[in-house]
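At position 188 of the sequence shown (counting the first as 1) the number is 188 in the numbering used here, and the numbers step up by one without a gap. Report on one structure; see the data block that follows.
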Amino acid sequence: VPGGTIDLEFASIAFDVRLDDIKKQGLLPEKSAAEAVCRFASGKSAASMAAALGLAAGADRDKTFAAIAGWALQETDAALAAGPLLKAAEGFAATWGKQAEVIAAGGGALRKFIDGTLAPKLVDEADAIVEKDRKEARKLLDLAASLCKAQEIADKVSERRWSVLDKGEWMALPLESLSCEGGEFKGKSIFYEDTEKEEKNRVTGLTFTGLPVGWDEISGVRAKVKPGKGDLFDMRFSFNKRKITHSMVVQPKDGMGYRVMFEPGKESKVGAGSSRKVAKKAEYEFTATWEGKKWKYAVSGTDIDTFDIADTPDELTFIAGDGTAELTSLHVRRK
């Protein structure tokens, strides 16, 4: 500028202001796929999905989440290519892995990606490094287990997770992967009942004659049981093909827990001094742990009994005396 200076000021109109102006002009509905996609594109994060979540079920909502899922899939592919695998998978799990709408969108594109690509990569990487870095291998397997729904991968993860545990650590057993006698899968639980109506002193229930890991590798079992109708509920271990059985019993109505020993041809006996007050709960946690021949029983944090038996169990059974119950979880402890 001849003979002086001049200041030039540049201003930009904020995204929200422009969007509001467009709506005032009647050029865009109050809620639309276009707005939802634009708002997401301005932030590209789970927190930017508010407009998408506000859309009514239908074509616009489906289209919007398909677009978001496509972006998430591209970003995850790029992150996996850049590596490392664990970091990329952890980032995906922390964001899109928790978004059910995104996982299901676009015909389940992300679900197919998780089950067909990501989870198998995690399992393969765990196999490759388990000898050098058991801690890292465990993280990879835990991620695969938390993300994947494919039964084939769940089985592989279950097989491998045991090998990366330290002594005394617990591992959850997927109930749907277990074979049992007398139970019926309902949702995520196993429903069982006492079907014996004739003999007063005989009961039936849910029995596991085998578990995914050998009994000689286990030093504890922890189970959560949701009682239905019935007088008593128990978790019992049999030894030497039922030559002797030790049962951990809860009677909700009486608020009592105790240990009972069964031997063929003999009267059942309550363990001396094993009767304890147990608070009534909607769900009870039965815990049995053992080191060598010394066993310990507990129910929902209340110690029931400590006793000696040198044998290794070969059967696990759950009973709901004259009633029904559900097994909601089952864990085993590594010896």
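Just so it is clear, CB atoms sit at the ideal spot from N, CA and C, and this is done for glycine as well.
I'd like to confirm the pairing. Which residues does DSSP put opposite residue i in its beta bridges?
i	result
G215	The sequence given here places Trp at residue 215; Gly does not occur at that position. In the DSSP output, where bridge partners are listed per residue, W215 has none listed.
L316	F208 and F237
K224	E285 and S329
K296	T289 and T306
F262	T245
R334	I218
T324	E193
G108	Per DSSP, none; premise fails for G108.
V270	V260
R276	G257
Q251	M256
L232	G321
Report the option in the options whose CA atom is closest to the CA atom of residue i.
i	options	result
R39	A59, A57, G58 and V17	V17
I129	K186, F10 and R160	R160
T195	G187, G182 and K188	G182
V213	S247, D60, A288 and H331	H331
G220	E184, W170 and R134	W170
F233	S268, V203 and K241	V203
P252	G321, F262 and E193	G321
V102	A50, S12 and F262	A50
G168	W290, K31 and L141	W290
K274	A11, K280, V299 and K293	Checking the sequence, you will find Ser at residue 274 rather than Lys. Considering only alpha carbons, the answer is V299.
E193	E35, T306 and G228	G228
G255	R61, C180 and K281	K281
A223	Y297, R138 and R242	Y297
A126	S158, G107 and G97	S158
K341	P84, I114 and G26	One cannot answer for residue 341 here, as it falls past the ends of the chain, which runs 1 to 335.
G83	K121, T95 and G107	K121
E263	H246, G292, R276 and S12	H246
A59	G107, Q74, E75 and S42	G107
Compute the beta-carbon to beta-carbon distance between residue i and residue j, rounded to the nearest angstrom, for a pair I have assumed lies under 8 angstroms.
i	j	result
D314	W215	6 angstroms
F239	D311	4 angstroms
K226	E326	4 angstroms
I304	M248	6 angstroms
A66	A105	5 angstroms
A144	A119	5 angstroms
L55	A33	7 angstroms
Y284	V250	6 angstroms
E30	K23	7 angstroms
A79	A88	4 angstroms
G265	F307	The Cβ separation is near 21 angstroms, so there is no contact.
S48	F15	The pair is not a contact, with the Cβ atoms about 12 angstroms apart (cut-off 8 angstroms).
Verify whether the separation of the beta carbon atoms of residue i and residue j is less than 8 angstroms.
i	j	result
L206	F318	yes
G337	T328	Past the edges of the chain, shown from 1 to 335, lies residue 337, and the structure says nothing about it.
K156	R111	no
K335	I218	yes
A109	S146	no
T324	G230	yes
L86	L165	no
M235	A154	no
A46	A36	no
L178	K188	no
F191	L316	no
With a threshold of 7 angstroms, establish whether the CB of residue i neighbours any heavy atom of the ligand MG.
i	result
F262	Among the ligands in the structure shown, none appear at all, so the ligand MG cannot be discussed.
Quick one: complete alpha helix (DSSP H) runs, 4+ long, within the segment 10 to 83?
-> 15 to 24, 33 to 43, 50 to 53 and 59 to 82
Please go through the segment 137 to 205 and give each complete beta strand (DSSP E) segment of 3 or more residues, from N-terminal end onward.
-> 170 to 172, 183 to 186 and 189 to 193
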